[in-house]
Amino acid sequence: MTVRKLQEKRGWAFNIAVPIIKPLLLATTRREWIDGERLPATGGAIVALNHISHADPLTAAHLVYDHGRKPRYLAKAALFDTTVVGAILRGCGQIPVKRDTKDAVGAYQAAVEAVRAGECVVIYPEATITRDPDMWPMKGKSGAARIALETGCPVIPVGQWGAHEILPPYTKKPHVVPRRKVIMRVGPPVELDDLRAQPRTQAVVNEATERILAAITQQLELIRGEKAPAERYDMAVRGDRFKRKKAK
Numbered sequence: 001m002t003v004r005k006l007q008e009k010r011g012w013a014f015n016i017a018v019p020i021i022k023p024l025l026l027a028t029t030r031r032e033w034i035d036g037e038r039l040p041a042t043g044g045a046i047v048a049l050n051h052i053s054h055a056d057p058l059t060a061a062h063l064v065y066d067h068g069r070k071p072r073y074l075a076k077a078a079l080f081d082t083t084v085v086g087a088i089l090r091g092c093g094q095i096p097v098k099r100d101t102k103d104a105v106g107a108y109q110a111a112v113e114a115v116r117a118g119e120c121v122v123i124y125p126e127a128t129i130t131r132d133p134d135m136w137p138m139k140g141k142s143g144a145a146r147i148a149l150e151t152g153c154p155v156i157p158v159g160q161w162g163a164h165e166i167l168p169p170y171t172k173k174p175h176v177v178p179r180r181k182v183i184m185r186v187g188p189p190v191e192l193d194d195l196r197a198q199p200r201t202q203a204v205v206n207e208a209t210e211r212i213l214a215a216i217t218q219q220l221e222l223i224r225g226e227k228a229p230a231e232r233y234d235m236a237v238r239g240d241r242f243k244r245k246k247a248k
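Everything in the sequence shown is counted per full-length UniProt numbering, starting at 1 for the first residue and increasing by one.
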């Protein structure tokens, strides 16, 4: 469902990946893109989504690509270690992140530079698949907020639902028959101008992070037709309910 044609050159890696991945997604999903015209046609931007499945980076890339942009992700560094996948990820301009190390600062700076160069960077503010039992957005990390405050770029919130039915969290067997419906609803840019004018304190960064998550949650509430919990799930307090499953 191409809404806008890609204006940028795809490059060799996208020329390999798109003809493989897009037909696969077309064959295995039904898609509903809502208010996708809110994705900027040009210029640096952050697209911020809730995270519900290891499959949703592909469905999110489908949304962004269908609206004429090449998605650029901050991805786990381990994904770059394999010869073929790593080469394609690097060729697509994806950014490796080594979590909880000093190298994570380099990933942040690379994302800032990508936005300033006019690229579309896709970020999951939760940094991992939500642990909320009902799959609402949980307490987030500050990366998207810090990049937005540093660059002044728009942050476009996207609520998404359905990818978890294709590949439930921390499982390996996808469910593609019958085709699952993927819904992505794009919200207006998050209002951050007042925060950009303030000193970059932790309180300001936290407020920006919460505004981004609240905007994503609002779009997800519209998709699901129900209200999210008043308090976000916090792994630091309530633990990781997928920990046993990941250890198997």
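Even for Gly, the Cβ is constructed at its ideal location relative to N, Cα and C.
Measuring C-alpha to C-alpha distances from VAL158 to each of HIS51, LEU6, GLY86 and VAL85 identifies HIS51 as the nearest.
Cβ neighbours of VAL18 within its own chain (closer than 8 Å, five residues either side excluded): ARG10 and TYR65.
In chain order, ARG131, ASP132 and MET138 place their CB closer than 6 Å to the CB of TYR233, counting only its own chain and leaving out the 5 sequence neighbours on each side. Burial check for LYS173: the Cβ neighbour count within 10 Å stays below 16, so the residue is exposed. Boundaries of the beta strand (DSSP E) around ARG180: 180-186. Around ALA203, the same chain offers no residue with a beta carbon nearer than 7 Å, after the five sequence neighbours per side are excluded. Around the Cβ of GLN198, a 10 Å sphere holds fewer than 16 other Cβ atoms; the residue is exposed. The DSSP assignment places 71-76 and 95-97 as complete runs of the beta strand (DSSP E) inside the segment 54-121, in order along the chain (cut-off: 3 residues). For the options LEU58, VAL186 and ARG180, the alpha carbon positioned closest to that of GLU221 is the one of VAL186. Rounded to whole angstroms, the gap between the alpha carbons of HIS54 and ARG224 is 20 Å. Beta-bridge analysis with DSSP links TRP33 to MET184. Taking a contact as a CB-CB distance under 8 Å, the pair LEU192 and ALA148 counts as one, their CB atoms being some 6 Å apart. DSSP places PRO157 in the uninterrupted beta strand (DSSP E) bounded by 155-161. Where ALA17 is concerned, the enclosing alpha helix (DSSP H) starts and stops at 11-28.
The shortest C-alpha to C-alpha distance from LYS70 to any of VAL121, CYS153, ALA78 and TRP12 is the one to VAL121.
THR82 and ASP194 have their alpha carbons spaced roughly 43 Å apart. For VAL47, the beta-bridge partners assigned by DSSP are VAL122 and ILE156.
Taking every protein chain shown into account, the CB of ARG238 has fewer than 16 other CB atoms within 10 angstroms, so this residue is exposed. Between the alpha carbons of THR29 and ARG180 lies a distance of about 5 Å. The alpha-carbon separation between HIS164 and ALA110 amounts to approximately 29 Å.
Counting along the chain, LEU213 sits inside the alpha helix (DSSP H) bounded by residues 202-224. Going by beta carbons, TYR73 and GLN94 fall inside the 7 Å limit.
For a cut-off of 8 Å, the C-beta gap from ILE212 to ALA145 is around 6 Å, short enough to register as a contact.
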